[in-house]
Amino acid sequence: MSLDAAISRAPTPAILPGSGGMRGALSDLFWRRPKFLLTLMLAPPLLWLGIVYIGSLFALLAQSFFSIDEFSGLINREFTLKTYGDLFQAANLDIILRTVTMAALVTLASAVIAFPIAYYAARYARGRWKALFYLGVMLPLWSSYLVKIYAWKLILAKEGILTWLLAKLNLLRLLDAWLSLPIVGGNSLSVSFTGTFIVFVYVWLPFMILPVQAALERVPGNLVEASSDLGASPGQTFRNVLFPLALPGIVAGSIFTFSLTLGDYIIPQIIGTSRLFIGQAVYSQQGTAGNIPLAAAFTVVPIVIMGFYLWGAKRMGAFDAL
Amino acid sequence: MRSDRGQRAPLGLKIAAACGLLFLHLPILLIFVYAFTTEEKSFVWPPPGLTTQWFAVTWNRPDVWDALSLSVRVAAISTAIALVLGTLCAAAVSQTRFFGREAISLLVILPIALPGIITGIALRSAFSLADIPFSFWTIVLGHATFCVVVVYNNAVARFRRTSGSMIEASMDLGADGFQTFRHVVLPNIATALLAGGMLAFALSFDEVIVTTFTAGQQQTVPIWMLEELIRPRQRPVTNVVAMVVVLVTLLPILFAYYLTRDGDQIAGSGK
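Protein chains in written order, with our numbering: chain E, 3 to 324; chain W, 125 to 395.
What follows is the structure, given as structure tokens:
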């Protein structure tokens with residue numbers, strides 16, 4: 003359109019005319035009433051999560067207040083706290099204690115192994131090496147969970163690579179001595195708590211590295227230098243400067259390692275002894291035993307433990323490191 | 125100028141970091157060796173011989189193909205649902221402020237923050253209370269629920285970097301809401317959505333804990349693997365499937381990383 007023609011046209015309104023049709027009307031409506039658009043956007047995800055997820059959670063919680071009739075095996079749908087009382091039987095307390103101990107040990111070991119990787123990646127790796135470290139943590143994190151467990155079954159098997167390696171190094175006696183220890187030992191590593199522990203650490207380790215690295219990235223390098231300039235030994239610098247600054251990251255990572263260990267039932271089933279963990283107890287109670295109320299009550303245990311854990315973690319500022 | 129450039133790491137730290145990374149990677153590499161072993165009955169190391177015959181055997185196993193097809197269909201549909209729900213939620217949370225905004229972020233993250241067994245058993249008890257029989261859709265229901273968070277995280281990170289004034293500018297220039305979405309918002313968030321979708325697909329393809337509770341008698345690839353781990357039938361076939369699964373999950377992750385690598389938040393840094 004030429005300039006003349008544009009000018010000679012009738013005075014154009016400052017505001018464009020509304021575009022026609024349904025589409026225009028809707029578009030105008032969204033603009034004039036942003037609340038309407040917001041509701042329209044939020045409704046599908048909230049309905050989905052609200053009905054499917056929160057609904058199911060409440061259905062589960064409600065069932066923990068039912069009880070099972072010990073003679074008929076039928077579920078008695080009346081409010082009772084008896085099922086929660088059952089949690090405090092010696093056998094069940096044992097399961098809870100064992101799981102929490104394992105979760106704590108796994109968390110501790112993951113933190114120790116994760117720290118050097120995270121520190122190197124945050125402070126020294128640059129450019130291509132940084133990307134390599136990042137992928138080096140990401141790929142194991144996202145590799146198939148079952149394949150990772152399977153790989154460890156291959157490694158820990160009696161005829162597997164670890165025994166072969168120890169035999170080559172003439173260290174088999176060490177392995178036998180370890181396996182003859184009371185609690186951590188067993189017939190072979192793949193049916194011992196040691197095996198369960200190693201696999202837990204392996205599978206959850208990346209969840210610890212990433213937040214610790216995020217926390218360490220924020221520590222300026224000259225802080226460490228200042229500490230050594232002022233005469234601190236590397237050990238003192240670690241204790242008084244690095245560790246306190248990395249702590250929120252470690253706590254953030256421990257949320258994952260702790261919570262994931264509490265709820266897992268596949269790792270101890272495949273690599274471990276016949277003594278149960280919370281996840282296995284839930285699984286067998288709802289499956290073979292058909293005692294859904296007790297299974298539901300058992301799931302409340304990790305929820306409560308994680309509730310306290312998250313509350314404590316929040317007070318230590320762990321959520322800023324996520 | 126920062127003084128921490130070009131420093132060399134202490135040797136002990138280097139060794140500890142290298143050992144840690146080896147610890148993470150060697151077990152997965154081992155899977156690749158075992159896929160070629162001639163040994164059938166045990167996990168003996170070193171492998172007595174190498175062969176590629178198990179690839180042909182696996183190729184001809186209908187149960188493997190059935191599981192693979194179910195897994196791919198479930199992952200595709202769950203990813204599609206998660207893409208829609210996650211993007212809507214991220215757009216609402218990042219573009220506007222309203223009462224209960226924090227609660228919504230928490231609600232989205234909850235399915236992945238609580239142990240998987242809780243999500244699983246909650247869904248199963250809800251299905252049994254409502255008399256819903258297990259089907260393809262009960263698996264999708266569970267998977268889509270925890271895939272939303274992956275898409276949401278990626279989309280929120282991208283929306284945070286996208287200036288809201290671009291949308292206003294587009295509207296000022298006369299585009300209506302749909303045109304703005306099509307020509308301004310979508311190109312901006314496309315790679316983040318693609319990355320989120322890839323991760324959601326990988327997450328769903330690999331999920332086993334929730335699936336055992338929602339699948340009934342159906343077998344996805346992870347459930348097939350779990351069965352083989354508990355009651356081994358033909359170990360070499362399991363080895364081959366394990367190797368293929370590693371490769372299939374590897375590619376989307378690398379691609380998602382590639383798509384978002386220059387952003388402030390790289391896809392996949394939380395699972």
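No residue lacks a Cβ here, since even glycine has one placed at the ideal position from N, Cα and C.
- Between W:G144 and chain E, the shortest Cβ-Cβ separation is below 9 Å.
- Using a C-beta cut-off of 8 Å, the region 133-144 of chain W makes no contact with the region 317-331 of chain W, since fewer than three inter-stretch Cβ pairs fall below that distance.
- Looking only at E:F300, E:S74, E:V306, E:I307, the smallest Cα-Cα distance to E:F67 is reached by E:F300.
- Per DSSP, the beta-bridge partners of E:N78 are E:S69.
- Here the C-alpha atom of E:V226 lies approximately 23 Å from the C-alpha atom of E:Y136.
- The C-beta separation of W:I233 from E:G265 comes to about 16 Å, leaving the pair out of contact by the 8 Å criterion.
- Nearest C-alpha to E:V302 among W:L238, W:P151, W:V345: W:L238.
- Taken in chain order, the unbroken stretches of alpha helix (DSSP H) that lie wholly in the region 284-319 of chain E and span 4 residues or more are 294-317.
- Selection E:D96, E:F117, E:R100 evaluated against W:G136 yields E:F117 as nearest (Cα-Cα).
- Remark: C-beta atoms of W:G301 and E:F32 approach each other more closely than 9 Å.
- The Cβ of W:D330 sits closer than 9 Å to at least one Cβ of chain E.
- At a beta-carbon threshold of 9 Å, none of the residues of chain W lie near E:A93; the nearest stands roughly 19 Å away.
- The three-state secondary structure of W:T176, taken from DSSP, is coil.
- In the DSSP annotation of this structure, W:Q358 is not part of any alpha helix (DSSP H), being labelled neither H nor E.
- The Cβ atoms of E:P270 and E:F260 do not sit closer than 9 Å to each other.
- The shortest C-alpha to C-alpha distance from E:G309 to any of E:I257, E:S276, E:R277 is the one to E:I257.
- Listed along chain W is no residue with a C-beta nearer than 8 Å to that of E:R34; the closest approach is about 11 Å.
- Here E:P142 is not near W:H267, since their CB atoms are 9 Å or more apart.
- Nearest Cα to E:A254 within the set E:V214, E:P236, E:S229, E:L173: E:V214.
- The alpha-carbon of W:I263 is positioned some 14 Å away from that of E:S58.
- DSSP places W:D330 inside the alpha helix (DSSP H), whose first and last residues are 310-330.
- Below the 7 Å Cβ cutoff, chain W contributes S249 as neighbours of E:I294, in chain order.
- If you draw a straight line from the Cα of E:R130 to the Cα of W:V364, it is about 32 Å long.
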